[in-house]
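J.: Residue numbers (the numbering used here): 12 to 406. Glycine included, C-beta positions come from ideal geometry on N, C-alpha and C.
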Amino acid sequence: MKSFQYEGMPKVYFGEGALQPALTKELPALGGNVLLAYGGGSIKKSGIYGEVLGLLEKAGKTVTEFSGIMANPTYAKVQEGVKLARENQIDFILAVGGGSVIDCCKIVSAQAKMEEDIWKAEFTGHRFPAEFIPLGAVTTVSGTGAEMNNGAVITNEETKQKNGMLGALSRFVVLDPSYTLTVPMRQAVSGAFDTLSHCMEIYFGKPSETNVSDEMNEAVMRNVIKNIRAMLRDPKDVSVRSELMWDSSMAENGILKLGKQTDFQNHMIEHQLGAYTDCSHGQGLAVIQPAVYCHLVKDNTAKFVRFAEKVWHLSADGRTDAELARAGIEALSDFVREIGLPSTLTELKAGMRPGSPDPTDREILRKVADSTILTAGCARRFTPDELYEILTECI
Ligand code: NZQ
Ligand code: ZN
């Protein structure tokens, strides 16, 4: 185990109908001016918007709306929220949505209390926010686990960087699995794959020797795999959604990371692919991660063997360690295809909005490779040329 400090997680209200008791308990202690933040309108169609607004009004709050937060939120959108927060003297931000809405609000919460431009402060000055407008999160699509931490992934369209920033940690989180029933199945599967990806990014980090966090991680990975299959069999089963929702939070609440230096190299590649093409996060990972692991298998063979055995229930059956390790990665690739996610950049492109930048364009892939941050927790430090090679193998 590496040494660590652990500081708990936000207060979580979990389960069907959790919103009403959560807001009734939390709102009285918060100020009168609330910024209600959401995305492109799914919460209006599903009725969650009416439910939230009703509870805010009942609590006597003055509500300012911050809507239209897009998937892969931009830094310009963050600044729009900051302007609203300052103009309306906002006391509390309620983020209702998925990772995109929650991440955007984490940075709005910090920037509104900070004179200096937060992008410059964090990436040039290595100064991080210490004061925040209190934040609460209601998760409507699970997968990123964004509600459980203070990291936020923001796209700076000017510099073509999709970077992890530090912002506010939610004071409380509402996780009602029934809210995710209206999420289109492709999006729900992409989100759940993101959870599996987070687990793997932690598991294959350093040290490679298995510790208690890894053993818990194996249980979460098996649970995600089992419940993605169950969700595809019965999209209406709320107990399956409950499992996936808590798996998602477990992957990002810090518990599985204790005693580990995480990898997240796949995420760094996908974030840059997202910065250049605006592709879906979970789908980008589904393409990239098996290909990256084929390049890393020799550097972390024992862990890949364990992954094959404990997560995919494979046994040696006369295979060498190298062959068994490879078989685990093949099982991951087969799973990606089984659950209908793209396994190549060509398939990823086919599912993107018409007119989107082309993820199979070699010029774009060169830029992605050259701008990807190389992580210290990865079993081997890649070169930009090898990343380009991996990306072209994915076409
Ligand atoms: O915008 P609306 O209309 O609400 O529609 C959204 C959006 O189109 C829709 N949706 C959300 N709840 C719904 C629903 N549709 C029907 N019914 C509901 N109940 O889902 C679409 C995707 O939403 P989004 O928030 O973009 O998805 P997700 O939660 O996957 O978040 C992705 C973002 O999170 C970042 C990603 O990079 C990406 O920007 N990540 C954040 C992390 C973190 N903070 O810890 C970690 C992750 O690795 C990830 O990088
Ligand atoms: Zn992710």
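Can you tell me where the alpha helix (DSSP H) holding T288 begins and where it ends?
T.: Counting from one through the sequence shown, the residue named residue 288 turns up at place 277. Taken as a continuous stretch (DSSP letters only), the alpha helix (DSSP H) holding T288 covers Q276 to T288.
J.: Can you tell me which residues form a DSSP beta bridge with G175?
T.: The residue labelled residue 175 in the question sits at position 164 within the sequence shown. Note: G175 sits in a beta bridge opposite V164.
J.: So T191 and R233 are in contact, right, with Cβ under 8 Å, and what is the actual spacing, rounded?
T.: Stepping through the sequence shown from its first residue, residue 191 is reached at position 180. Stepping through the sequence shown from its first residue, residue 233 is reached at position 222. About 21 Å; that fails the 8 Å criterion.
J.: Using CA atoms only, rank isn't needed, just tell me which of G42, K69, C210 and L146 is closest to V322.
T.: Here residue 322 refers to the residue found at position 311 when the sequence shown is read from its first residue. Ranking G42, K69, C210 and L146 by Cα distance to V322 puts C210 first.
J.: Within 10 Å of its beta-carbon, does S14 have 16 or more other beta-carbons around it, so buried, or fewer, so exposed?
T.: What you label residue 14 is simply residue 3 of the sequence shown in a count that begins at 1. So S14 ends up on the exposed side.
J.: Extract the residue ranges of the alpha helix (DSSP H) inside the stretch 52-77, only unbroken runs of 4 or more that lie entirely within it.
T.: Segments of the alpha helix (DSSP H) lying fully in the stretch 52-77: 53-57 and 59-69.
J.: Would you please state the rounded distance, in angstroms, between the beta carbons of V235 and A203? I believe it to be under 8 Å.
T.: Stepping through the sequence shown from its first residue, residue 235 is reached at position 224. Stepping through the sequence shown from its first residue, residue 203 is reached at position 192. That belief holds up - the Cβ atoms of V235 and A203 are roughly 6 Å apart, short of 8 Å.
J.: Tell me the DSSP bridge mates of Y24?
T.: Residue 24 sits at position 13 when you count from the first residue of the sequence shown. Bridge partners of Y24: V185.
J.: Any heavy atom of the ligand NZQ closer than 8 Å to the CB of A157?
T.: As a working mapping, residue 157 is identified with position 146 in the sequence shown. Answer for A157: yes, Cβ within range of the ligand NZQ.
J.: Look at A96 and A123 and say whether their C-beta atoms are less than 9 Å apart.
T.: The sequence position of residue 96 within the sequence shown is 85, counting from 1. The sequence position of residue 123 within the sequence shown is 112, counting from 1. Yes, these two residues count as a Cβ contact at 9 Å.
J.: In this structure, does DSSP put I406 in helix, strand or coil?
T.: One-based indexing of the sequence shown puts residue 406 at position 395. Three-state result, I406: coil.
J.: Is P205 buried or exposed, if buried means 16 or more other CB atoms sit within 10 Å of its CB?
T.: Within the sequence shown, residue 205 is the residue found at index 194, counting from 1. First, the residue type needs correcting, since residue 205 is Asp and not Pro in the sequence shown. Buried, since its Cβ has 16 or more Cβ neighbours within 10 Å.
J.: Does the stretch 275-288 come close enough to the stretch 386-401 to have 3 or more Cβ pairs within less than 8 Å?
T.: The answer is yes - the stretch 386-401 touches the stretch 275-288, with three or more Cβ pairs under 8 Å.
J.: Among the residues of its own chain, which have a CB less than 8 Å from the CB of V249, if the five just before and after it don't count?
T.: Residue mapping note: residue 249 aligns to position 238 of the sequence shown, counting from 1. Excluding positions up to five away in sequence, the list reads E27, P188, S189 and L192.
J.: Is F318 near D274, with beta carbons less than 9 Å apart?
T.: Within the sequence shown, numbered from 1, the residue matching residue 318 stands at position 307. Within the sequence shown, numbered from 1, the residue matching residue 274 stands at position 263. In this structure, D274 does not lie closer than 9 Å to F318 by Cβ.
J.: Is the stretch 154-162 close to the stretch 81-89, with three or more CB pairs under 8 Å?
T.: These segments do not touch.
J.: Is it the case that the stretch 380-388 contacts the stretch 292-308, given that we only count it when at least three CB pairs across the two stretches are under 8 Å?
T.: Counting Cβ pairs under 8 Å, fewer than three are found: no touch.
J.: Within 10 Å of its beta-carbon, does D258 have 16 or more other beta-carbons around it, so buried, or fewer, so exposed?
T.: The residue labelled residue 258 in the question sits at position 247 within the sequence shown. So D258 ends up on the buried side.
J.: Excluding sequence positions up to five away, which residues of its chain have a Cβ less than 7 Å from the Cβ of L126?
T.: By one-based count along the sequence shown, residue 126 stands at place 115. The sequence given here has Glu at residue 126, not Leu. Closer than 7 Å at the Cβ level, and outside the excluded window around E126, lies no residue.
J.: For the alpha helix (DSSP H) that contains I236, what are its first and last residues?
T.: Within the sequence shown, the letter at position 225 stands for residue 236. Its alpha helix (DSSP H) spans residues V223 to R244.
J.: Candidates L47, M227, L255 and G50: which alpha carbon is nearest R240's?
T.: Taking the first residue of the sequence shown as position 1, residue 240 is located at position 229. Here the closest residue by C-alpha is L255.
J.: The ligand ZN heavy atoms versus the CB of D114: any closer than 8 Å?
T.: The residue you call residue 114 lines up with position 103 of the sequence shown. D114 Cβ: outside cutoff for every heavy atom of the ligand ZN.
J.: Measuring from the CB of N83, is there a heavy atom of the ligand NZQ at a distance below 8 Å?
T.: Here residue 83 refers to the residue found at position 72 when the sequence shown is read from its first residue. Checking every heavy atom of the ligand NZQ against the Cβ of N83, one is found closer than 8 Å.
J.: With a threshold of 8 Å, are at least 3 pairs of Cβ atoms found where one atom belongs to the stretch 128-137 and the other to the stretch 174-183?
T.: Segments in contact, yes.
J.: Any idea if A342 is buried or exposed, counting beta-carbon neighbours within 10 angstroms, 16 or more meaning buried?
T.: Within the sequence shown, residue 342 is the residue found at index 331, counting from 1. Flag for A342 reads buried.
J.: Note the first and the last residue of the continuous alpha helix (DSSP H) segment covering V316.
T.: Walking along the sequence shown from the start, residue 316 turns up at place 305. It spans T312 to K321 - the alpha helix (DSSP H) in which V316 sits, taken as one unbroken run.
J.: What does A106 pair with, by DSSP beta-bridge criteria?
T.: Within the sequence shown, numbered from 1, the residue matching residue 106 stands at position 95. In the DSSP output, where bridge partners are listed per residue, A106 has A48 and A148.
J.: Flag T312 as yes if its beta-carbon sits less than 9 Å from any beta-carbon of chain C, otherwise no.
T.: Protein chains in the displayed structure number just one, and chain C is not present.
J.: Check T35 in the structure and name its three-state DSSP category.
T.: Sequence index remark: in the sequence shown, residue 35 carries index 24 (1-based). It is helical.
J.: Which stretch, first to last residue, makes up the alpha helix (DSSP H) that contains K131?
T.: Taking the sequence shown and counting its residues from 1, the one referred to as residue 131 is at position 120. Segment I129 to F134, the alpha helix (DSSP H) holding K131.
J.: Checking the sheet assignment: what are the DSSP bridge partners for T383?
T.: Here residue 383 refers to the residue found at position 372 of the sequence shown. In the DSSP output, where bridge partners are listed per residue, T383 has none listed.
J.: I'd like the span of the alpha helix (DSSP H) that includes I299, first residue to last.
T.: Here residue 299 corresponds to residue number 288 of the sequence shown, with the count starting at 1. That run of the alpha helix (DSSP H) goes H292 to L307.
J.: For T371, which residues of its own chain have a beta-carbon under 6 Å away from its beta-carbon, when the five flanking residues on both sides are left out?
T.: Stepping through the sequence shown from its first residue, residue 371 is reached at position 360. Hits under 6 Å: L356, T357, K360 and I406.
J.: Can at least three beta-carbon pairs, one atom from the stretch 372-380 and one from the stretch 259-269, be found at a separation below 8 Å?
T.: The stretch 372-380 is not in contact with the stretch 259-269.
J.: Confirm the yes/no value for this check: CB of E169, any heavy atom of the ligand NZQ, distance under 8 Å.
T.: The residue labelled residue 169 in the question sits at position 158 within the sequence shown. It does not: the Cβ of E169 is nowhere closer than 8 Å to a heavy atom of the ligand NZQ.
J.: Evaluate R392 with the Cβ neighbour count: other Cβ atoms within 10 Å of its Cβ, from every protein chain shown; 16 or more gives buried, anything less gives exposed.
T.: To locate residue 392, count along the sequence shown from 1; it is residue 381. R392 is exposed by the Cβ-count criterion.
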